[in-house]
Amino acid sequence: MTAAATSRRSVIRPPSLARPRKVDKVPFVELYAGRLQGVVSSGSDEDRVYVSYFESGSGNFFCSTNNNRPCGGLRGSPCKHLQALMTEAVLQYGAPRLINYLSLGADPATARAAYDLLRFIKGGPHKVEAGMVFSRFLTYLHHVGLPSTTLPIPEMNWFVR
Amino acid sequence: MPLTDLTTPPAAAAEAAALLDRLDQSFSGGFARLHGEHLDALASLGRAFSGTPLAGALGEALEGISRSEFLDRHFLVLAAARAALQGAQHDALAAQAAGALGRAVAKPEEIPASAVQAVPPQIEVWLESVRHWLMELGLAGFANLDVNTLLPFQATLDQVESEPRLGRHAALLGGFLDELLTVFPARGTPEFPLFRWADLWSRAMVLSARAPAPAHTYTVSGELRILGADLRQHETFATLVAFGSLREKGKPARLVRATISAFKVDVIQGEELGPLLADAGATLLDGLAQSKALQLSDMALTATGDLLWSDKAAKLGAAFDPLAEAAEVLKAAPAARPSLAAADRHPALLEELVYLAGYKVGGKEEALTITVDGATLPLDHDRFPETDDLALIEVKACSEMVALLRFDADRWTLQPLLVGGGAKKKPKFIGASLGGGKGKKSKLGALSTLKERSSKLLRKKS
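Here the protein sequences come in this chain order: A and B.
The numbering of the first sequence is our numbering, which starts it at 361 and goes up by one.
The numbering of the second sequence is our numbering, which starts it at 2 and goes up by one.
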């Protein structure tokens, strides 16, 4: 194919794909607006969830309940919820994509586990409104409840994975 | 079957492609910052449409955009012009494919309109928001997007997704926004697929011109045999398109298409799509997975040969051999085949169903080719779905195939849907694992966990 032809492509398999994973402990993980953010279930209380995030660039992070109560485990370094978020994010996106998105100093060729990435989180606790992340989670959950359809959708010809 | 005729695309399609290349440069830097070459390209576009019904409106739009008069109407006309160029390419390509395959060009049927339904006013409002956002993307340019241009659109998208009549919009815009968000925020100069995004932008704009009218249909009864299916998905939406032969009593066999789709989230993949899609067409999935005929009674069929699937109008029948059926009906394919509505024509949406016997796979790993009857076409790697149901190793091991003849990036390709023959006894095909409610017992259980969370939290909220 000529250079012009390869650039005239309508259908391209996305270079970075999310992978399936178990979602029991960390039901929601996303890369959004310059943050790795998600929702982590409490280990002790079935009805409580923690909202956690890492910010790209600054390396700041935070963890609180969805009612904005700070996580007790959060001191100068990421708590167990933030660690769980990173672990699941590595499963979902792979370490190289996270290193790139969060601008971490880790080596994408050798970093494998969440630990390899957490070592490069240089920021500190920095509060954001948990509600913003939590409402993203509700939008996400909303998708599994939307009705299916049998309408022809020719536009899906553009989407492959 | 002289597939050799498909090695060079028609000249008319190439000329339009050159015009598109020049136009698309403006989408990169943005229509708010047009320079000499961009304005020249817009002028060429205007000249290409002189004497056509779009000439007047396009002239006005181009003039308006050149003097920074930014109205969504101008951008809608621009999108329509870009789509019309691709519609013309589609027609030239469809004629070339039909010639090579020795079949008539498939065209939509004429079906008289039924009663017109009133459009809820909120749909018009949402579509106006969509057009406005698309205009902002066009003005900024794909290279210059930032999260402030992208994030506020989520609120409009939520509304579009909540309206069943806007299923096409939701599927397209959800996928488009998601792609934009995987690139932005970006550091430095982002890499992005300009041609593809200009495609998605134009289609979204044209689709949002006005509220969609319900499809004109009539009902059909008879035996449907699914010959193959394609799985299409992005992070929040999955679609299964099944292609089959339909035998109505006393009529020759025709080819039809049936589509079932569901919203999803990124972690739901593979067999877990089964239960979601089964919600729309469990019987269709079973007919596909078990290669069993489906008895249809009074199911709606559109002008473009699309069945509006309804499990209530379908019953599972006797088993059949999909390769034998494909060989029979696709040897001299009937003119009554799935097609595209006039406004939907686009080269990448061409999907000509073919049956190939005695094919051979050659070429290198990431650039495999399929040779049949002395003609060699590339295998469509990008469209080969990520599924265990059909693997490349099986395509190589077999000798008979049901495939879609596709066009993209200036060339024809083949996308296998079902393979068999050779050493393999049972056919391998896309969608085999989606029938029989198998995904419900998935080891990951992501779907059931998220559904449970959803029912708890969303109920609490409301």
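We put the beta carbon where it would ideally sit given N, CA and C, even for glycine.
For a contact meaning CB atoms closer than 8 Å, what does residue 481 of chain A contact in chain B?
Counted from its first residue, the first sequence places residue 481 of chain A at position 121. Here the premise fails: no neighbours, minimum Cβ distance about 18 Å.
Using a cut-off of 8 Å between C-beta atoms, extract the partners of residue 408 of chain A located in chain B.
Position 48 of the first sequence holds residue 408 of chain A. Near residue 408 of chain A there are no residues of chain B at all, since even the closest Cβ is about 12 Å away, more than 8 Å.
With DSSP as the reference, identify every bridge partner of residue 416 of chain B, one or two as the case may be.
Here residue 416 of chain B corresponds to residue number 415 of the second sequence, with the count starting at 1. In the DSSP output, where bridge partners are listed per residue, residue 416 of chain B has B/405.
Would you list, in sequence order, the uninterrupted alpha helix (DSSP H) runs of no fewer than 4 residues that lie entirely inside the region 240-316 of chain B?
Listed in chain order, they are 274-290.
Let me know if residue 262 of chain B comes out buried or exposed under the rule of 16 or more other beta-carbons within 10 Å of its beta-carbon.
Here residue 262 of chain B refers to the residue found at position 261 when the second sequence is read from its first residue. Buried: at least 16 other Cβ atoms inside 10 Å.
CA-to-CA distance, residue 417 of chain B to residue 94 of chain B, given in whole angstroms:
Locating residue 94 of chain B in the second sequence gives position 93, counting from the first residue. Locating residue 417 of chain B in the second sequence gives position 416, counting from the first residue. Distance between the alpha carbons of residue 94 of chain B and residue 417 of chain B: 20 Å.
Assuming the contact rule is C-beta atoms closer than 8 Å, residue 139 of chain B and residue 76 of chain B should be a hit. Round their C-beta distance to whole Å, please.
As a first step, residue 139 of chain B is located in the second sequence; it is residue number 138 there, counting from the start. As a first step, residue 76 of chain B is located in the second sequence; it is residue number 75 there, counting from the start. Their Cβ separation, rounded to whole angstroms, is 5 Å, which keeps residue 139 of chain B and residue 76 of chain B in contact under 8 Å.
Does the region 135-155 of chain B come close enough to the region 241-259 of chain B that 3 or more CB-CB pairs lie under 8 Å?
They do not touch, by the three-pair rule.
Would you tell me roughly how many angstroms separate the C-alpha atoms of residue 289 of chain B and residue 102 of chain B, rounded to the nearest one?
Here residue 289 of chain B is taken as the residue at index 288 of the second sequence, counted from 1. Here residue 102 of chain B is taken as the residue at index 101 of the second sequence, counted from 1. If you take the alpha carbons of residue 289 of chain B and residue 102 of chain B, they lie about 26 Å apart.
Use the C-beta contact count for residue 405 of chain A: other C-beta atoms within 10 angstroms, 16 or more gives buried, fewer gives exposed.
Translated into positions along the first sequence, residue 405 of chain A becomes position 45. Flag for residue 405 of chain A reads exposed.
Using 8 Å as the threshold, is the C-beta distance between residue 437 of chain B and residue 287 of chain B below it?
Sequence index remark: in the second sequence, residue 437 of chain B carries index 436 (1-based). Sequence index remark: in the second sequence, residue 287 of chain B carries index 286 (1-based). Cβ distance < 8 Å, so residue 437 of chain B and residue 287 of chain B count as in contact.
Quick one: what's got a C-beta closer than 6 Å to residue 401 of chain B's C-beta in the same chain, skipping five residues either side?
Translated into positions along the second sequence, residue 401 of chain B becomes position 400. Taken in chain order, the residues that qualify are 324, 358, 421 and 422.
Check the Cβ of residue 446 of chain B against every Cβ in chain A and list those closer than 9 Å, keeping chain order.
Working through the second sequence from its first residue, we reach residue 446 of chain B at position 445. By Cβ distance, chain A contributes 382, 383 and 384.
My output table needs one value for residue 231 of chain B: the three-state DSSP class, helix, strand or coil.
Residue 231 of chain B sits at position 230 when you count from the first residue of the second sequence. Residue 231 of chain B falls in the strand class under three-state DSSP.
Beta-carbon neighbours of residue 452 of chain A, restricted to chain B and to distances below 9 Å:
As a first step, residue 452 of chain A is located in the first sequence; it is residue number 92 there, counting from the start. By Cβ distance, chain B contributes 267 and 268.
Should residue 517 of chain A be flagged as near chain B, meaning a C-beta pair shorter than 8 Å?
If you number the first sequence from 1, residue 517 of chain A lands on position 157. Chain B, which has a Cβ nearer than 8 Å to the Cβ of residue 517 of chain A, makes this yes.
Between the C-alpha atoms of residue 26 of chain B and residue 20 of chain B, what's the straight-line distance to the nearest angstrom?
Mapped onto the second sequence, residue 26 of chain B falls at position 25. Mapped onto the second sequence, residue 20 of chain B falls at position 19. Straight-line Cα distance between these residues: approximately 11 Å.
Please classify residue 427 of chain A: is it buried, with 16 or more other beta-carbons within 10 angstroms of its beta-carbon, or exposed?
Looking up residue 427 of chain A in the first sequence gives position 67. Label assigned to residue 427 of chain A: exposed.
What in chain B is Cβ-close to residue 394 of chain A, meaning under 8 Å?
Along the first sequence, one-based indexing puts residue 394 of chain A at 34. Within chain B, the residues near residue 394 of chain A are 148 and 186.
Please report the residue range of the alpha helix (DSSP H) in which residue 160 of chain B lies.
The residue given as residue 160 of chain B occupies position 159 in the second sequence. 154-162 is the span of the alpha helix (DSSP H), which, as asked, contains residue 160 of chain B.
Of all the CB atoms in chain A, is at least one closer than 8 Å to the CB of residue 311 of chain B?
For the purposes of this step, residue 311 of chain B is taken as residue 310 along the second sequence, with counting starting at 1. Yes, its Cβ sits closer than 8 Å to a Cβ of chain A.
What three-state label does DSSP hand residue 363 of chain B in the structure shown?
Here residue 363 of chain B is taken as the residue at index 362 of the second sequence, counted from 1. Note: residue 363 of chain B maps to strand in three-state DSSP.
Would you mind stating whether residue 184 of chain B and residue 193 of chain B have Cβ atoms separated by less than 8 Å?
Taking the second sequence and counting its residues from 1, one reaches residue 184 of chain B at position 183. Taking the second sequence and counting its residues from 1, one reaches residue 193 of chain B at position 192. In this structure, residue 193 of chain B lies closer than 8 Å to residue 184 of chain B by Cβ.
Take residue 428 of chain B and list the residues in its own chain whose beta-carbon comes closer than 7 Å to its own, dropping the five residues that flank it on each side.
Here residue 428 of chain B refers to the residue found at position 427 of the second sequence. 323, 324, 419, 420 and 421.
Cβ shell of residue 379 of chain A (< 8 Å), same chain only, five flanking positions each side left out:
Indexing the first sequence from 1 puts residue 379 of chain A at position 19. Here the set comprises 451, 452, 453 and 454.
To which residues of the same chain is residue 307 of chain B closer than 8 Å at the C-beta, ignoring the five residues directly before and after it?
Walking along the second sequence from the start, residue 307 of chain B turns up at place 306. Counting only Cβ-Cβ distances below 8 Å, and skipping sequence neighbours, we find 216, 257, 258, 259, 260 and 339.
Residues of chain B with CB under 9 Å from residue 507 of chain A, in chain order?
The residue labelled residue 507 of chain A in the question sits at position 147 within the first sequence. Going along chain B in sequence order, the residues near residue 507 of chain A (Cβ under 9 Å) are 165, 263, 264, 280 and 281.
If I measure Cβ to Cβ from residue 471 of chain A and keep anything under 7 Å in the same chain, skipping five residues before and after, which residues do I get?
Locating residue 471 of chain A in the first sequence gives position 111, counting from the first residue. Same-chain partners within the cutoff: 455, 459 and 477.
Residue interval of the beta strand (DSSP E) (run including residue 329 of chain B)
Looking up residue 329 of chain B in the second sequence gives position 328. Judged by DSSP secondary structure, residue 329 of chain B falls outside any beta strand (DSSP E) and instead within the alpha helix (DSSP H) spanning 323-332.
Could you confirm whether any beta carbon from chain A is found closer than 8 Å to the beta carbon of residue 370 of chain B?
As a working note, residue 370 of chain B is residue 369 in the second sequence. Residue 370 of chain B does not count as touching chain A.
Could you check where the alpha helix (DSSP H) with residue 378 of chain B kicks off and where it finishes?
What you label residue 378 of chain B is simply residue 377 of the second sequence in a count that begins at 1. Segment 376-379 is the beta strand (DSSP E) holding residue 378 of chain B; no alpha helix (DSSP H) there.
Between the alpha carbons of residue 264 of chain B and residue 237 of chain B, how many angstroms are there, rounded?
Residue mapping note: residue 264 of chain B aligns to position 263 of the second sequence, counting from 1. Residue mapping note: residue 237 of chain B aligns to position 236 of the second sequence, counting from 1. When the Cα atoms are used, residue 264 of chain B and residue 237 of chain B turn out to be separated by approximately 6 Å.
Contact set between the region 288-301 of chain B and chain A, restricted to residues whose Cβ is under 8 Å from the partner
None of the residues of the region 288-301 of chain B has a beta carbon lying less than 8 Å from any beta carbon of chain A.
The alpha helix (DSSP H) that contains residue 80 of chain B, what's its start and end?
Here residue 80 of chain B refers to the residue found at position 79 when the second sequence is read from its first residue. According to the DSSP assignment, residue 80 of chain B belongs to the alpha helix (DSSP H) that extends over 73-102.
What residue from B/383, B/47, B/81 and B/71 has the CA that sits closest to residue 211 of chain B's CA?
On the second sequence, residue 211 of chain B is found 210 positions in, with the first residue counted as 1. Checking every option, the nearest Cα to that of residue 211 of chain B belongs to B/81.
Name the DSSP beta bridge partners of residue 388 of chain A, please?
Here residue 388 of chain A refers to the residue found at position 28 of the first sequence. Partner residues in the beta bridge of residue 388 of chain A, as assigned by DSSP, are A/399.
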